[in-house]
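Residue numbers for the sequence shown follow my numbering, beginning at 22 and rising by one.
In this text, a Cβ means the ideal position worked out from N, Cα and C, and glycines have one as well.
Notes for the one structure printed next.
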Amino acid sequence: MHTVCTYRPFVCIAPSTACLEEARNVELSRTDVTNGLLGGYESFARLIGGLTPEGWRTRTRCTGWEARDVAGHVVGQLDDVLAGTVGGRTPDEQAEQLRYQDPATLADRLRGAAAGFGELLGALDDGAWAGPSGVPDVTIDQGVRALWFDTYVHADDIHAALGLPSDRGEALRASVVHLRDLLLRGGWGPARLALDGMPELDVGDGGPVLRGDPLRFLLVGTGRADPAEFGLDESVNIYRP
């Protein structure tokens, strides 16, 4: 499986209060993130639920994965979150165990899991939201943002495979913000992201100003496009070995 299909959260190379504070998302509230993730799951369910058998078997830019494998990973990942077993299965195992379900069944399964997850998130107080998630070095806040990010990027994998237009709404903005935080916590930079239609985002202090399409930068940062588009090298890929 291609590494672009695997989420591995960065931690600070030299952890410090300043690093963690700077990496914190301040642009999106807890409500924004929760509603965004749940809306992203509903959009993903609609996307996969309407696929034809041919669309379900279409190869994606995740090497070795068809659309059904991407869907199986997204649904299986949420299953693991709800079961408290994050990390117990690889993305390939999640995909393999669900790829033989039909699109409508998997879409319904995702909707049910998302509803349950929404109830759990709604029951948390702000202290728990900012507290540990059970995944090392990741708070619940960061984990939910990561799920939204992952769901958006994988939905775009399917959109691209089927020749469908990308979603360029709030989920794209949130994903770029999350990517910025992952780059910062991973020690990449400095740079300023001055991407089309978005407020400027700093990755550290100073550095070159990067301009262009935010979706293309997201694809570059997740190993899905050539970093030379922005005058960068492979170090910008958050999934690099």
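- Membership of residue 201 in any beta strand (DSSP E) is not indicated; the residue belongs instead to the alpha helix (DSSP H) covering 191 to 206.
- The shortest CA-to-CA distance from residue 120 to any of 86, 103, 101 and 106 is the one to 86.
- Bounds of the alpha helix (DSSP H) holding residue 127 are 124 to 143.
- Rounded to the nearest angstrom, the gap between the Cα atoms of residue 155 and residue 83 is 28 Å.
- Here residue 73 is exposed: its Cβ has fewer than 16 other Cβ atoms, across all protein chains shown, within 10 Å.
- Under the DSSP assignment, residue 223 falls in the beta strand (DSSP E) whose first and last residues are 222 to 224.
- For residue 212, the secondary structure class from DSSP, reduced to helix, strand or coil, is strand.
- Using a Cβ distance threshold of 9 Å, residue 236 and residue 189 count as a contacting pair.
- Proximity of the region 99 to 114 to the region 193 to 212 falls short of the contact definition, fewer than three beta-carbon pairs being nearer than 8 Å.
- In the assembly as shown, residue 222 is a buried residue. Its beta-carbon has 16 or more other beta-carbons within 10 Å.
- Counted as a single uninterrupted DSSP element, the alpha helix (DSSP H) harbouring residue 183 occupies residues 161 to 183.
- When DSSP reads this structure, residue 153 sits in a beta bridge with 160.
- Residue nearest to residue 174 within the set 127, 133 and 246 is 246 (criterion: CA-CA distance).
- Collapsing the DSSP output to three states places residue 105 in coil.
- For the pair of segments examined, the region 130 to 137 was found not to touch the region 181 to 201: the number of CB pairs separated by less than 8 Å stays below three.
- In the DSSP annotation of this structure, the continuous segment of the beta strand (DSSP E) that includes residue 231 starts and ends at 230 to 233.
- One alpha carbon belongs to residue 243, the other to residue 89, and they sit about 20 Å apart.
- In the three-state reduction of the DSSP assignment, residue 80 falls in the strand class, which pools E and B.
- For residue 117, DSSP assigns no beta-bridge partner whatsoever.
- The C-alpha of residue 107 is placed about 9 Å away from the C-alpha of residue 100.
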